[in-house]
Amino acid sequence: MTVVADREAVRIEGADTFPPPATALIPTPPTALRGLPTAGLGVRMRERLQRAAEGAKGALTREHDHGHFFHFVPVFLGTGAVLWFCLGQPPPTMALAVLCSAVIGVSLLLAGRNPIGCRLTTVAAFVLAGMLLADFEARRRATTMLDSGVTTVVTGVVERREAGANGEWRYVVRLTSTAEPRLRRAPERVSLLARGKGPPAMLGDLLTGRARLSPPSGPALPGLNDFSFASYFDGIGAVGFFLGAPRGLGSGPGEESFGAATERQLFSVRDGISNRIRSVIGGDPGAFAASIITGERRSMSRDATEALRLSGLAHITAISGLNMALASGIFFVGLRMALSLLPGLAQAVPIKKIAAAGALLAAFAYLMISGYQVSAVRAFLMTAIMLVAVLFDRPAISLRNLALAAFVIIATTPSAVMGPSFQMSFAATAALIAGYAAWRARPRRGPGLQFTFPGARLFGEGGKLMAGTFLTSLIGGLSTAIFAISHFHRLAPHGLEANLAAMPIISILVMPAGLVAMLLMPFGLDAPFLLLMGIGLEWVLVIAHGVAGWGEAIGFTRMPGWFLPVASIGLLLMTLLRTWLRHGGSVLLAAVIAAAALVPRPPPADVLIAEDGRLVGLRLSPQSLATNRTRPPRFIFEQWQAALGTGEHLGPTDLGKAETGLPAVAEAPAPPTPPAKSMPQTTMPPDRKAPKWSEDDLRKARERMRGALKDAREGRFVCEGKSWCVARIGSGWTIITVEDAAFVGGACDVADIVVSARRVAFPSCRSGARLFTAETLRRSGAVELSLGERKAREMRVTASFSGDYRPWSVHRLYDWRSDRFQAAPVLDGVAASASASGAGGTSAAEHVSDSGE
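Residue numbers 228 to 1080, in my numbering, belong to the letters of the sequence shown in order.
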């Protein structure tokens, strides 16, 4: 018998008799320690910490033994890509390559000698490799971005087209030439909207027409989504619209490569399928069906799109993992069942692998007709890896396969990791795999209730389907919530109910009918199945409209910069680990949510200025936002409302021509039109010419501005036609927005802040007023102003772009007049004094006039 004793317990190994009393075996503590009860507490704390460290080490060992560290390889790779995209000035390419090679060499040297050091250097190598891959992709794209708005005659080849909801067409045109004026730095591809009743241009046709081109939009506010980033990596250098119907010039140039010809044929097939679907089904159900099969979503009406968004069903319209899995899964099950009807064949060959190979081909065909969008490519890779796993008798659905798909996507297109589509798709898939794995590993409590009434089996299968749909919707909704809050600032409150009602229709009726219709379309037998698909989608739209009527989406203001990265770490730990260490992710995620809800945030900005200078907003209360536009641009204003959590719009008050006697800009005499070859590349719209004002008109305008400021209500704009608007803000600040550069001088004499939607000849106001013009805003992007004491001229300027510019934003520094890039931006984007000289209040500045008087 062996007795092992310590101060707290007695353990007996191989004993057949009772041990002696424990008190006889435990040594008596020294007298000095008897009077110190904290000594025992300290010992116990050290022992508990030691046991916790040993437990964590053991958990890490088990994670390593099960190969779970491979799940984090795309995480480290994606972290490097995110770092490269977010850094203001990333390291040089050669320095990254040398450092990555050195770290890999150190990792190989430490292998077998220092396991911990080897793992740490491996992590660093993957992070550096992700940065290198992002660098290579940016250099490979090298998209030429238009620097400023211009009206010109464009001629190019139609590469893609997509029908709109009101008969318009959106073309992606590869430019071959520009004229009147000829652009020195023309983009390779532009996206143009064409309206008109004529027949649309076909893919491969040469198209020409006068068009208004603009650079892709930057962030609507600092920190929001930069649309120019996605345009740069999509190869789109400008967006705009035709001024009138464009003219077709026949087929484009014949000297196209084999790859370009193949791509054009694929998009022609895709276009034909979309037209066939819309012609058979029609209306919003037809547009819905086209979005599911070919990925064309522009033809759906705004009401239907908004209903799907508010109900949480918008994910159905994207060709994501759900659509790809349903299509390939239905094909796999159908082909396997058909082959099983031949007993001899089923016994001779592995029909499961044949079905998997057929499903792989079907998924690839689905990818081709979908235009191989980013979401479709991601879904295909995930599906293909799972089907290949079936071919090699490996588990089809696993986190390892998901990690492999993520690795391939990040290695080929690192920019995808910055988008909400990539983040939400992989988050939902990882959470579903981890959730169902936990469900399968739950302890069993024996058989449940057994029903024997007629139809009990059908009832049970229906219950399983509903339970699976419920769990899928719940897990998917919770796992993507942090991304929806960060990117879209809203959550659909009734998405669970909508998915419970709609997803069985999609899975049982819509996708099977669509798959059969695609198989029969070459034979002209697809119409009955397309009509059946349309009926199912019409039911889904009824559900979407009904659920959307239950209430608006839950809005969230802009989250702190640390919210999404830290919350993502918590979600990754929860889903990618299997031991008790995953609960650390739960704690971290809960802490992030609590901190975001409870930690006070800095006060919102007082003034918002759009990047073109045409829209200016004043936020003086959490519920309302006043602007200088009666109908503000929906694209920008809706982003402002979502990010700031405001609902009510307060439009301006118009003084009117009858009261002022001053003509509006639109009625001003226009100068003669210059020759076409000398037309400047400016931000001025094609239908707006710079008017000529007399000195008396400008003097009257300045006096009217001063008078309007005295009578204006605080927090509301007062406008004089389309000439200018004035407003008073808290603490006595005044702001004037100007549509015509001729009024800028007078505005500088009157207000503290002047915003001009035109370029002006002087860079700043001599009076000390802070001036924002079309040129400064072009470089800085949208800005926010936080105002302090007016007497001290305290003003904080937060710009969307400041300091170093990246490949997708460097076009903002290009000067078309000198045909070169300017070295420094106008705004620093951090903090700025409202006075150029740093002097005190307006009394010292009113002696200097910017209007020349």
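We treat Cβ as the ideally placed atom computed from N, Cα and C, and that holds for glycine.
By how many angstroms is the C-alpha of residue j removed from the C-alpha of residue i?
| i | j | result |
| --- | --- | --- |
| residue 519 | residue 784 | 31 Å |
| residue 617 | residue 583 | 7 Å |
| residue 462 | residue 314 | 22 Å |
| residue 590 | residue 640 | 20 Å |
| residue 788 | residue 451 | 11 Å |
| residue 444 | residue 652 | 25 Å |
| residue 352 | residue 804 | 22 Å |
| residue 887 | residue 831 | Confidence is the limiting factor: at residue 887 the pLDDT is only 43, short of 50, which leaves the residue's position unreliable and the question unanswerable from this model. |
| residue 270 | residue 277 | 11 Å |
| residue 980 | residue 867 | 21 Å |
| residue 323 | residue 602 | 29 Å |
| residue 842 | residue 1004 | 12 Å |
| residue 898 | residue 946 | Note that residue 898 scores a pLDDT of 40, beneath 50, so its modelled location is shaky; the value from the coordinates is reported in the next line. Taking the straight line from one Cα to the other gives about 25 Å. |
| residue 740 | residue 595 | 19 Å |
| residue 1016 | residue 961 | 12 Å |
| residue 574 | residue 754 | 37 Å |
| residue 663 | residue 615 | 21 Å |
| residue 818 | residue 811 | 10 Å |
| residue 849 | residue 765 | 39 Å |
| residue 734 | residue 760 | 11 Å |
| residue 992 | residue 929 | 15 Å |
| residue 316 | residue 1032 | 8 Å |
| residue 636 | residue 363 | 14 Å |
Quick one: using the 10 Å Cβ neighbour count with 16 as the cut-off for buried, is residue i buried or exposed?
| i | result |
| --- | --- |
| residue 940 | exposed |
| residue 1046 | exposed |
| residue 551 | buried |
| residue 756 | buried |
| residue 798 | buried |
| residue 492 | exposed |
| residue 951 | buried |
| residue 838 | buried |
| residue 218 | The structure shown does not extend to residue 218, since the chain is modelled only from 228 through 1080, so no value can be given for it. |
| residue 875 | exposed |
| residue 807 | exposed |
| residue 301 | buried |
| residue 666 | exposed |
Tell whether a beta-carbon distance below 8 Å holds between residue i and residue j.
| i | j | result |
| --- | --- | --- |
| residue 853 | residue 944 | yes |
| residue 546 | residue 597 | yes |
| residue 1019 | residue 447 | no |
| residue 303 | residue 354 | yes |
| residue 984 | residue 840 | yes |
| residue 522 | residue 600 | yes |
| residue 371 | residue 305 | no |
| residue 953 | residue 936 | yes |
| residue 697 | residue 727 | yes |
| residue 517 | residue 505 | yes |
| residue 398 | residue 428 | yes |
| residue 957 | residue 847 | yes |
| residue 566 | residue 578 | yes |
Look up residue i in the DSSP assignment and say whether it is helix, strand or coil.
| i | result |
| --- | --- |
| residue 782 | strand |
| residue 876 | strand |
| residue 401 | strand |
| residue 253 | Low confidence applies to residue 253: its pLDDT is 46, below 50, so where it sits in the model is not reliable, and the reading given next is rough at best. Correct three-state label for residue 253: coil. |
| residue 477 | strand |
| residue 836 | strand |
| residue 469 | strand |
| residue 648 | helix |
| residue 429 | coil |
| residue 362 | helix |
| residue 812 | helix |
| residue 942 | coil |
| residue 350 | helix |
| residue 609 | helix |
Under 7 Å: does the beta carbon of residue i sit that close to some heavy atom of the ligand NAD?
| i | result |
| --- | --- |
| residue 308 | You won't find the ligand NAD in this model; it holds no ligand whatsoever. |
Review point. Can you find at least 3 beta carbon pairs, one from the stretch 465 to 474 and one from the stretch 422 to 442, that sit closer than 8 Å?
Key: yes
**Study point:** Stretch-stretch touch, CB-based, cutoff 8 Å, three pairs: the stretch 774 to 789 with the stretch 720 to 734
**Key:** Put simply, the stretch 774 to 789 touches the stretch 720 to 734. At least three CB pairs are less than 8 Å apart.
Review point. Taking three-plus beta-carbon pairs below 8 Å as touching, is the stretch 446 to 460 in contact with the stretch 387 to 394?
Key: no
**Study point:** the stretch 406 to 414 in contact with the stretch 958 to 968 per 3-pair CB rule at 8 Å
**Key:** Contact fails between the stretch 406 to 414 and the stretch 958 to 968, because fewer than three Cβ pairs, one in each stretch, are under 8 Å apart.
Check your understanding: How do the stretch 1024 to 1042 and the stretch 357 to 376 stand: do at least 3 beta-carbon pairs fall below 8 Å, yes or no?
Key -> yes
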